[in-house]
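A.B. asks: Numbering (my numbering), first residue to last: 2 to 251. Next up is a structure, given as C-alpha cells.
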Amino acid sequence: MRFDLTVLIPTFNERENIGKMVNAVDTICKAHSINEEILVVDDNSRDGTIVVVETLMNEHRNLHLLVRKENRGLSQSLYEGMLHAQADLVQCLDCDFSHPPEKIPLFYHYLHDMGYDMVIGSRYIRGGEVINWPVMRRVLSSGAALLGRLLIPHVIDSGSGFFAINRRILKGAHLSPRGFRMGFEILGKANWTRVQEIPIVFKDREFGESKLKFRIIGDFLIQCGSILKYNIIERKSSNIIRAWKIALCR
Ligand SMILES: Nc1nc2c(ncn2[C@@H]2O[C@H](COP(=O)(O)OP(=O)(O)OP(=O)(O)O)[C@@H](O)[C@H]2O)c(=O)[nH]1
Ligand SMILES: [Mg+2]
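Printed below as a string of C-alpha cells:
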C-alpha cells in the first residue's frame with residue numbers, strides 16, 4: 002500500500018498514552034483524507050507499551066511497530082524510523098500529547114501542497130505557547146533555542162521535536178543522531194532549502210514518566226560542535242551560511 006504520510010511516534014514506557022495517541026492520529030488523518038502509516042519506534046519498553054501496540058495492530062492495518070533492542074535514545078529512534086518509513090513525507094510526534102496531533106494536517110499541507118522540505122512546530126513564535134512548564138524547564142529550553150539560533154538563525158524553535166520532513170532532504174547527509182534534538186541535526190546537516198515554522202501550543206505530559214535527563218544538555222553541546230565541524234571544517238554542508246543569509250534578508 003502507498004501511504005501519503007508516515008507519522009513516527011517514538012515510545013519508551015508510554016503504556017498510558019500510546020493507545021489514545023494512535024486513535025487520535027488515525028481519526029485526524031482520516032478526517033483530512035490523509036492515508037497515513039503510523040510507525041511506532043519503541044526502545045524495548047518494559048511497561049506493556051509493546052503489547053498495547055501489538056493489540057492495536059489487529060484493528061489498524063496501517064499501524065506498524067519497530068522494536069529496537071540496542072542503543073536506546075530518542076534521536077536514534079527517530080532516525081531509524083525515518084529510514085523505515087513507507088511514505089516520503091514523515092511527521093515526528095511525541096506520544097505524551099505535548100504535541101497537538103490536530104496540527105498534523107497543517108504540517109502535511111506545507112509539505113505536500115506547498116513543497117516545503119521541513120515544517121517545524123514552534124513554541125516561541127507568535128501564536129505558539131508552552132503550558133504547565135516549571136520555570137527551570139522554560140529557562141533551559143529558551144536558552145537552548147537561543148544557542149541553536151547562533152547556528153541556524155532563521156529557525157526560532159529548532160528543538161521543539163514536533164516537526165515533519167520530506168525524506169529527500171536526508172539523501173547524502175551524514176547524520177549522527179544523539180540526544181533529544183533530531184530536528185536540529187537535520188537543520189544542521191540535511192539538504193533543505195525551504196523550512197517553515199508554524200505555531201503550536203505545547204502542553205506538559207499528564208500521564209507517564211518523563212525520560213528527559215540533565216545529560217541532554219551535554220548531548221546538545223556536543224551536537225552543536227558536530228554541526229559546526231560538519232559545516233565549517235569538513236565543508237560537507239553550507240547550512241549555517243544559508244541559514245544566516247536567510248535570516249539577514251528577512
Ligand atoms: N524510542 C524511544 N523513545 C523515547 C526515548 N526517550 C523518550 N522517548 C519518547 O520520546 C518522546 C519525548 O520524550 P519525553 O520523555 O516526553 O521528553 P520531553 O517531552 O522532553 O519531556 P517530558 O514531556 O517532561 O516527559 C515520548 O514519546 C517518549 O516516549 C528513547 O530513548 N527511545
Ligand atoms: Mg514529553
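All C-beta atoms in this analysis are idealised placements derived from N, C-alpha and C, irrespective of residue type, glycine included.
#1: Using three-state DSSP, classify residue 178 as helix, strand or coil.
#2: Take the Cβ of residue 250 as the centre, count every other Cβ of all protein chains shown within 10 Å, and call the residue buried at 16 or more, exposed below.
#3: Just confirm the distance between the C-beta atoms of residue 167 and residue 112, as a whole number of angstroms; I'd bet it's less than 8 Å.
#4: Run the proximity test for residue 11: is its beta-carbon closer than 7 Å to any non-hydrogen atom belonging to ligand 1?
#5: Rounded to whole angstroms, what's the CA-CA distance from residue 66 to residue 192? Just pull it up for me.
#6: Excluding five sequence neighbours on each side, which residues of the same chain lie with their C-beta closer than 6 Å to the C-beta of residue 126?
#7: Who's in the neighbourhood of ligand 2, going by beta-carbon under 7 Å from any heavy atom, listed in chain order?
#8: Residue 20 and residue 57: beta carbons closer than 8 Å?
#9: Have a look at residue 93 and residue 234 and give me their C-alpha separation to the nearest angstrom.
#10: Label residue 22 either buried or exposed according to how many other C-beta atoms from any shown protein chain fall within 10 Å of its C-beta, with 16 as the threshold for buried.
#11: Mind pulling the alpha helix (DSSP H) runs of 4 or more residues that sit fully within the stretch 34 to 117?
#12: If we ignore side chains and look at the alpha-carbon of each, how far apart do residue 28 and residue 15 end up?
#13: For residue 215 and residue 179, I'd like the C-alpha separation in whole angstroms.
#14: Taking the alpha carbon of residue 89 as the reference point, which residue from 153, 5, 230 and 59 has its own alpha carbon closest?
#15: Could you work out which residue in 45, 99 and 68 is closest to residue 1 when comparing CA atoms only?
#16: Can residue 59 and residue 37 be called in contact, C-beta distance under 8 Å?
#17: Between which two residues does the alpha helix (DSSP H) harbouring residue 28 extend?
#18: Taking residue 7 as the reference, which of 39, 194, 53 and 136 has the closest Cα?
#19: Is the beta carbon of residue 75 within less than 7 Å of some heavy atom of ligand 1?
#20: Looking at the structure shown, is residue 140 part of a helix, part of a strand, or coil, going by DSSP?
C.D. replies: Based on what the coordinates show:
#1: coil
#2: exposed
#3: 6 Å
#4: yes
#5: 28 Å
#6: 157, 198 and 200
#7: 95, 97, 99, 206 and 211
#8: yes
#9: 30 Å
#10: buried
#11: 50 to 57, 75 to 85 and 105 to 109
#12: 20 Å
#13: 14 Å
#14: 5
#15: Lying outside 2 to 251, the shown extent of the chain, residue 1 is not represented and no answer is given.
#16: no
#17: 16 to 32
#18: 39
#19: yes
#20: helix
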